[in-house]
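Single-structure report; data block below.
Residue numbers (the numbering used here): 1 to 219.
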């Protein structure tokens, strides 16, 4: 009920404005900010197909970021590969052609790349965030995303550097349990044929679990 009322209110607000580039961008922003992603995509597509509705300085990286994010949200709802393809195209345009160099956008794009099984591209984006935005508030999430990509691509040489950084990061930044980080680290050593270090990691983790009385099911 409330969602229908919110959508109707946004549509009514859009209908009340004359069709100018400025008014259309206000409509898009309102639709985007209120989660009306299907409407936002339709409005932005109409702008793309109508040169007279392009802003004076052209369509910006932020415009394609909104369109990419909206397509991605639709994909997560309806599992449409076309929406995923559209999201990927929009983020590529925003980042590669319009140089929209923002950590939030880079991380959003990395999530889209991962859904598209383009883990190499996602790893590059996460690495860019961690290298150029060390104070980014979601840097721990980016580091964990990078580790996941390394497991998928077999690029494990740096994985433990990220995992050790996560162990030492402030707790408010990290949502992954410490035990999982230690387990992943031991698994990395196992995969790169350092069984000696892997066994140390597994043993330390087991002893920690044993001390906590939580060794059932752990070997």
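C-beta atoms are modelled at their ideal positions from N, C-alpha and C, and glycine is treated no differently. Quick caveat, the model's predicted, so the values are computed rather than measured.
Contact under 9 Å by Cβ, residue i with residue j
i: residue 63; j: residue 44; result: yes
i: residue 129; j: residue 149; result: no
i: residue 109; j: residue 95; result: yes
i: residue 53; j: residue 19; result: yes
i: residue 100; j: residue 61; result: yes
i: residue 113; j: residue 143; result: no
i: residue 24; j: residue 46; result: yes
i: residue 76; j: residue 90; result: no
i: residue 80; j: residue 41; result: no
i: residue 39; j: residue 65; result: no
i: residue 181; j: residue 166; result: yes
i: residue 37; j: residue 74; result: yes
Residue i versus residue j: straight-line alpha-carbon distance, rounded
i: residue 120; j: residue 158; result: 14 Å
i: residue 170; j: residue 56; result: 45 Å
i: residue 292; j: residue 189; result: Because the chain spans 1 through 219 in this model, residue 292 falls outside it and cannot be assessed.
i: residue 205; j: residue 48; result: 55 Å
i: residue 115; j: residue 146; result: 14 Å
i: residue 133; j: residue 200; result: 33 Å
i: residue 34; j: residue 21; result: 20 Å
i: residue 141; j: residue 178; result: 14 Å
i: residue 51; j: residue 78; result: 30 Å
Environment of residue i [buried if 16+ CB atoms lie within 10 Å]
i: residue 175; result: exposed
i: residue 193; result: exposed
i: residue 82; result: exposed
i: residue 160; result: buried
i: residue 202; result: buried
i: residue 137; result: exposed
i: residue 207; result: exposed
i: residue 111; result: buried
i: residue 210; result: exposed
Contact set for residue i: own chain, Cβ-Cβ below 7 Å, skip 5 residues either direction
i: residue 198; result: 186, 189 and 190
i: residue 156; result: 150, 188, 191 and 192
i: residue 152; result: 119
i: residue 105; result: 65, 94 and 95
i: residue 31; result: 10, 39, 40 and 43
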